[in-house]
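Respectively, the protein sequence lines represent chains F and L.
Under this note's numbering, the residues of the first sequence are numbered 49 to 249, in order.
Under this note's numbering, the residues of the second sequence are numbered 87 to 346, in order.
Accompanying notes for the structure given below.
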Amino acid sequence: VGIDMAAHGTPLTSPQPGPTSAGRSATSPVAGAGDRAADSEFADLYDARYGDVLAMAYALTADFAEAQDIAQEAFCRAWQRWPSIHERDEPIAWVKRVAANLAISRGRRLQIARRLRFHHRPAVAPPISVDHVTLVAELRRLPANMTRALVLHYIADLSVEEIADTLGTQVGTVKSWLHRGRHALAQRLAEPATPQEGGAP
Amino acid sequence: VNHAPQPRRPPHPPNFDDDQLTTLFNGYRRAINAAALRPSAAALRGHANRHTRIRRIHRVTAVAAAALALAATITALTIHPHTTTTIPLASPSASPQIDISHSRPTTASSDPSKSQPSQGSPAQSRTCITADLMITLQNPTSSGPQEQTTLTLVNVSSGPCHLSGYPGLRLSTAGQPAMTTTVRRHGGPPQTVTLQPGGIASVLLTWNKYGQSGATCTPAPANLDVTPPGQTTAQTIPWLPTPAGSVCQGAISEDPIQTG
Numbered sequence: 049v050g051i052d053m054a055a056h057g058t059p060l061t062s063p064q065p066g067p068t069s070a071g072r073s074a075t076s077p078v079a080g081a082g083d084r085a086a087d088s089e090f091a092d093l094y095d096a097r098y099g100d101v102l103a104m105a106y107a108l109t110a111d112f113a114e115a116q117d118i119a120q121e122a123f124c125r126a127w128q129r130w131p132s133i134h135e136r137d138e139p140i141a142w143v144k145r146v147a148a149n150l151a152i153s154r155g156r157r158l159q160i161a162r163r164l165r166f167h168h169r170p171a172v173a174p175p176i177s178v179d180h181v182t183l184v185a186e187l188r189r190l191p192a193n194m195t196r197a198l199v200l201h202y203i204a205d206l207s208v209e210e211i212a213d214t215l216g217t218q219v220g221t222v223k224s225w226l227h228r229g230r231h232a233l234a235q236r237l238a239e240p241a242t243p244q245e246g247g248a249p
Numbered sequence: 087v088n089h090a091p092q093p094r095r096p097p098h099p100p101n102f103d104d105d106q107l108t109t110l111f112n113g114y115r116r117a118i119n120a121a122a123l124r125p126s127a128a129a130l131r132g133h134a135n136r137h138t139r140i141r142r143i144h145r146v147t148a149v150a151a152a153a154l155a156l157a158a159t160i161t162a163l164t165i166h167p168h169t170t171t172t173i174p175l176a177s178p179s180a181s182p183q184i185d186i187s188h189s190r191p192t193t194a195s196s197d198p199s200k201s202q203p204s205q206g207s208p209a210q211s212r213t214c215i216t217a218d219l220m221i222t223l224q225n226p227t228s229s230g231p232q233e234q235t236t237l238t239l240v241n242v243s244s245g246p247c248h249l250s251g252y253p254g255l256r257l258s259t260a261g262q263p264a265m266t267t268t269v270r271r272h273g274g275p276p277q278t279v280t281l282q283p284g285g286i287a288s289v290l291l292t293w294n295k296y297g298q299s300g301a302t303c304t305p306a307p308a309n310l311d312v313t314p315p316g317q318t319t320a321q322t323i324p325w326l327p328t329p330a331g332s333v334c335q336g337a338i339s340e341d342p343i344q345t346g
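If you want it as structure tokens, here you go:
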């Protein structure tokens, strides 16, 4: 375990505004901690939707360990702002968009989860099949915007409007990315023996 | 660069349409959901709360530390002009580019020069630790009483790491009776396999599923504990269902870790 910490441990950094920092200073995180109802509402959401958020983060990053960090970070941040988030129509949409931003942005900071994972590392490996590893690998090979649009559409269930908002673009552009991405991905998956592109002499 | 006109692909590949894409995504989502082990909600909440408290303390101590460091620097410059004071700064963690585009197991032979799990030169990487690896079992194949499957180890960490030798194996039942595992190791001399992020290594496992009587053996193993070479922590993965998963006398043989 000591090696784990040395290899991946990130020192706690001083708080800096990140891409998903909207509302960071809004609420005291411990505010809802004593409240039983808030505890169980949060636990219900977390237990029911953690897998979806992880699936989205893994498809966006192609790195399972990092995807776990991202999913846990997003839920940690949700808990820290739970009093304001649980009043929304769809708290999960907030969590997904935070996780998507963490997965997409270059300067992301996983301040909370990096430490959490080392205390609660899952013992059992996920039985992910070769098909699914291939799907993630092929998504990684598409242009980034197409991958993001596809993942947010197929895995995160976001509407075209929400995707446009998350990716900071127009609805029409998202539709175009989705259309072209769907087509490109289907072609890649239909041709299992395609040699690696881009590096051929 | 090849300037020759490429043959146009049909707009919809005959064997992979949009419905299948939806099915694949849904299957992927279900698989990750089924496998999504996580800290308990209470642990996560506790951690988030602790982190907030730490952050508050850091904010206060950072100001105090900056003031002290400044004072120390001034003192040092005043008293010992050649002394420098280094103020440790927390730096953001590196986010290396991750490319698992070559990790596709089904096309491992398509371009050997680019296959990512490469042999040799472990100098630039470290030994894979248990947590670096996602370990899964492939579907078994049988010939007569003999059953065979591949244990797949995917590097899910963000940097390269290497493996050499044989993983430790231990079969266990869900409850009683306990079972003993006898592992026979054979095959050629172990080679060092370097795995890029997303790179895949495999281990061939062979066992007998039928005993003297021609029936499957009991107890049926429920799980397999896999310990990567040189590690002390095991990953527990579900073992195969009977009949393929019947392992007589708990005897299983393994080849060394190889690429792909």
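We put the beta carbon where it would ideally sit given N, CA and C, even for glycine.
Identify whether W293 (chain L) lies in helix, strand or coil by the three-state DSSP scheme. Against the second sequence, residue 293 (chain L) aligns to sequence position 207. In this structure, W293 (chain L) counts as strand in the three-state DSSP scheme.
Range covered by the alpha helix (DSSP H) that runs through M194 (chain F): If you number the first sequence from 1, residue 194 (chain F) lands on position 146. It spans 192 to 202 - the alpha helix (DSSP H) in which M194 (chain F) sits, taken as one unbroken run.
Give every residue of the same chain whose Cβ lies closer than 6 Å to the Cβ of W293 (chain L), excluding the five residues on either side of it in the sequence, and list them in chain order. Here residue 293 (chain L) refers to the residue found at position 207 when the second sequence is read from its first residue. For W293 (chain L), where only same-chain residues beyond five positions count, the Cβ hits under 6 Å are E233, V333, I338.
Is H137 (chain L) close to chain F, meaning its C-beta is less than 9 Å from at least one C-beta of that chain? Here residue 137 (chain L) corresponds to residue number 51 of the second sequence, with the count starting at 1. Interface residue, yes.
Count the other CB atoms within 10 Å of the CB of P91 (chain L); is the residue buried (16 or more) or exposed (fewer)? Here residue 91 (chain L) corresponds to residue number 5 of the second sequence, with the count starting at 1. Confidence at P91 (chain L) is low in this model, with a pLDDT of 47, below 50, so the placement of that residue is unreliable and no value is reported for it.
Can you give me the start and stop residues for the alpha helix (DSSP H) that S299 (chain L) sits inside? Here the question's residue 299 (chain L) lines up with position 213 in the second sequence. Where S299 (chain L) is concerned, there is no enclosing alpha helix (DSSP H), given that its DSSP letter is neither H nor E.
So, at 6 Å on beta carbons, what are the nonlocal neighbours of L239 (chain L) in its own chain, with the 5 sequence-adjacent residues on each side left out? By 1-based counting over the second sequence, the position of residue 239 (chain L) is 153. So the list reads L219, I221, A287, once near-sequence residues are dropped.
Could you compute how far the alpha carbon of W127 (chain F) sits from the alpha carbon of Q106 (chain L)? Position 79 of the first sequence holds residue 127 (chain F). Position 20 of the second sequence holds residue 106 (chain L). If you take the alpha carbons of W127 (chain F) and Q106 (chain L), they lie about 37 Å apart.
Any chain L beta carbon closer than 9 Å to D100 (chain F): The count along the first sequence starts at 1 and reaches residue 100 (chain F) at position 52. Answer yes: the Cβ-Cβ gap between D100 (chain F) and chain L drops below 9 Å somewhere.
Should T214 (chain F) and L206 (chain F) be called a contact, given that it needs their Cβ atoms to be closer than 9 Å? For the purposes of this step, residue 214 (chain F) is taken as residue 166 along the first sequence, with counting starting at 1. For the purposes of this step, residue 206 (chain F) is taken as residue 158 along the first sequence, with counting starting at 1. Result yes, Cβ atoms of T214 (chain F) and L206 (chain F) sit closer than 9 Å.
Which stretch, first to last residue, makes up the alpha helix (DSSP H) that contains S211 (chain L)? Working through the second sequence from its first residue, we reach residue 211 (chain L) at position 125. No alpha helix (DSSP H) holds S211 (chain L); DSSP gives it neither H nor E.
How far does the alpha helix (DSSP H) with T109 (chain F) in it reach, from first residue to last? If you number the first sequence from 1, residue 109 (chain F) lands on position 61. From DSSP, the alpha helix (DSSP H) with T109 (chain F) extends over 84 to 109.
Am I right that G284 (chain L) and P342 (chain L) are in contact with their C-beta atoms under 8 Å? What's the rounded C-beta distance? Taking the second sequence and counting its residues from 1, one reaches residue 284 (chain L) at position 198. Taking the second sequence and counting its residues from 1, one reaches residue 342 (chain L) at position 256. With 8 Å as the limit, G284 (chain L) and P342 (chain L) do not qualify as a contact, their Cβ atoms being about 22 Å apart.
Endpoints, the beta strand (DSSP E) within which H248 (chain L) is located: Here residue 248 (chain L) refers to the residue found at position 162 of the second sequence. Looking at the DSSP string, the run of the beta strand (DSSP E) that includes H248 (chain L) is 247 to 250.
So who's on the other strand from I133 (chain F), going by DSSP bridges? Residue 133 (chain F) sits at position 85 when you count from the first residue of the first sequence. According to DSSP, I133 (chain F) bridges with nothing at all.
In three-state DSSP terms, what is N241 (chain L)? Within the second sequence, numbered from 1, the residue matching residue 241 (chain L) stands at position 155. DSSP places N241 (chain L) in strand when its eight states are reduced to three.
Taking 9 Å as the CB-CB cut-off, is Y106 (chain F) touching chain L? Here residue 106 (chain F) is taken as the residue at index 58 of the first sequence, counted from 1. Yes, Y106 (chain F) counts as interfacial toward chain L.
Selected residue, minimal CA-CA separation from Y347 (chain L), among L:A217, L:L291, L:T267: No statement about residue 347 (chain L) is possible, as the shown extent of chain L runs from 87 to 346 and does not include it.
Can you give the Cα-Cα distance for Q116 (chain F) and Q262 (chain L), rounded to whole angstroms? In the first sequence, the residue the question calls residue 116 (chain F) occupies position 68. In the second sequence, the residue the question calls residue 262 (chain L) occupies position 176. Their backbone Cα atoms lie some 34 Å apart in a straight line.
CB contact check: S204 (chain L) to chain F, cutoff 9 Å: Walking along the second sequence from the start, residue 204 (chain L) turns up at place 118. For S204 (chain L), the predicted model reports a pLDDT of 44, less than 50, meaning its position is unreliable and no value from the coordinates is stated.
Are the C-beta atoms of A306 (chain L) and some chain F residue less than 9 Å apart? Position 220 of the second sequence, counting from 1, holds the residue named residue 306 (chain L). For A306 (chain L), the answer is no, since every Cβ of chain F falls outside 9 Å of its Cβ.
Could you please give the first and the last residue of the uninterrupted beta strand (DSSP E) stretch that includes P139 (chain F)? Counting from 1 along the first sequence, the entry for residue 139 (chain F) is found at position 91. No beta strand (DSSP E) contains P139 (chain F), which is instead part of the alpha helix (DSSP H) from 139 to 152.
Since P305 (chain L) and M265 (chain L) should fall inside the 8 Å C-beta cutoff, what is the C-beta to C-beta distance between them, to a whole number of angstroms? On the second sequence, position 219 is the one that residue 305 (chain L) refers to. On the second sequence, position 179 is the one that residue 265 (chain L) refers to. Rounded, the Cβ-Cβ distance is 5 Å, consistent with contact.
Neighbourhood of L198 (chain F) by C-beta, 6 Å cutoff - its chain only, sequence neighbours within 5 removed: Within the first sequence, the letter at position 150 stands for residue 198 (chain F). Excluding sequence neighbours, L198 (chain F) sits near G229.
Return the chain-ordered list of same chain residues with a C-beta closer than 8 Å to the C-beta of R136 (chain F), the five sequence neighbours on each side being excluded. For the purposes of this step, residue 136 (chain F) is taken as the residue at position 88 of the first sequence. Answer for R136 (chain F): W142, listed in chain order.
Could you pull out every residue in the same chain whose Cβ sits closer than 6 Å to the Cβ of R256 (chain L), ignoring the five residues on either side in sequence? Within the second sequence, numbered from 1, the residue matching residue 256 (chain L) stands at position 170. Contacts found: T267, D311.
Can you confirm whether T108 (chain L), when its beta carbon is compared against all beta carbons of chain F, has any partner nearer than 9 Å? As a first step, residue 108 (chain L) must be located in the second sequence, where it is residue number 22. T108 (chain L) counts as touching chain F.
Once DSSP output is grouped into helix, strand and coil, what is the label at N309 (chain L)? The count along the second sequence starts at 1 and reaches residue 309 (chain L) at position 223. Correct three-state label for N309 (chain L): strand.
Could you pull the DSSP bridge partners for Q106 (chain L) from this structure? Start at 1 with the first residue of the second sequence, and residue 106 (chain L) comes out as number 20. None, per the DSSP bridge assignment.
Proximal chain F residues relative to S243 (chain L), where beta-carbon distance stays under 7 Å: Locating residue 243 (chain L) in the second sequence gives position 157, counting from the first residue. Those within 7 Å of S243 (chain L) in chain F are A113.
DSSP three-state call for L326 (chain L): helix, strand or coil? Reading the second sequence from its first residue, position 240 is the one you call residue 326 (chain L). L326 (chain L) falls in the coil class under three-state DSSP.
Under 9 Å (Cβ pairs) to chain L, residues found in the segment 212 to 229 of chain F: none
Rounded to whole angstroms, what's the CA-CA distance from V269 (chain L) to L108 (chain F)? Just pull it up for me. Reading the second sequence from its first residue, position 183 is the one you call residue 269 (chain L). Reading the first sequence from its first residue, position 60 is the one you call residue 108 (chain F). Taking the straight line joining both Cα atoms gives about 39 Å.
Under the DSSP definition of a beta bridge, which residues are partnered with T345 (chain L)? Working through the second sequence from its first residue, we reach residue 345 (chain L) at position 259. Paired residues: L:A287.
Test: A185 (chain F) CB closer than 9 Å to a CB of chain L: Start at 1 with the first residue of the first sequence, and residue 185 (chain F) comes out as number 137. True, the Cβ-Cβ gap to chain L drops below 9 Å.
Since I believe T280 (chain L) is in contact with P246 (chain L) (beta carbons under 8 Å), could you give me their beta-carbon distance rounded to a whole number of angstroms? To locate residue 246 (chain L), count along the second sequence from 1; it is residue 160. To locate residue 280 (chain L), count along the second sequence from 1; it is residue 194. 6 Å between Cβ atoms; contact.
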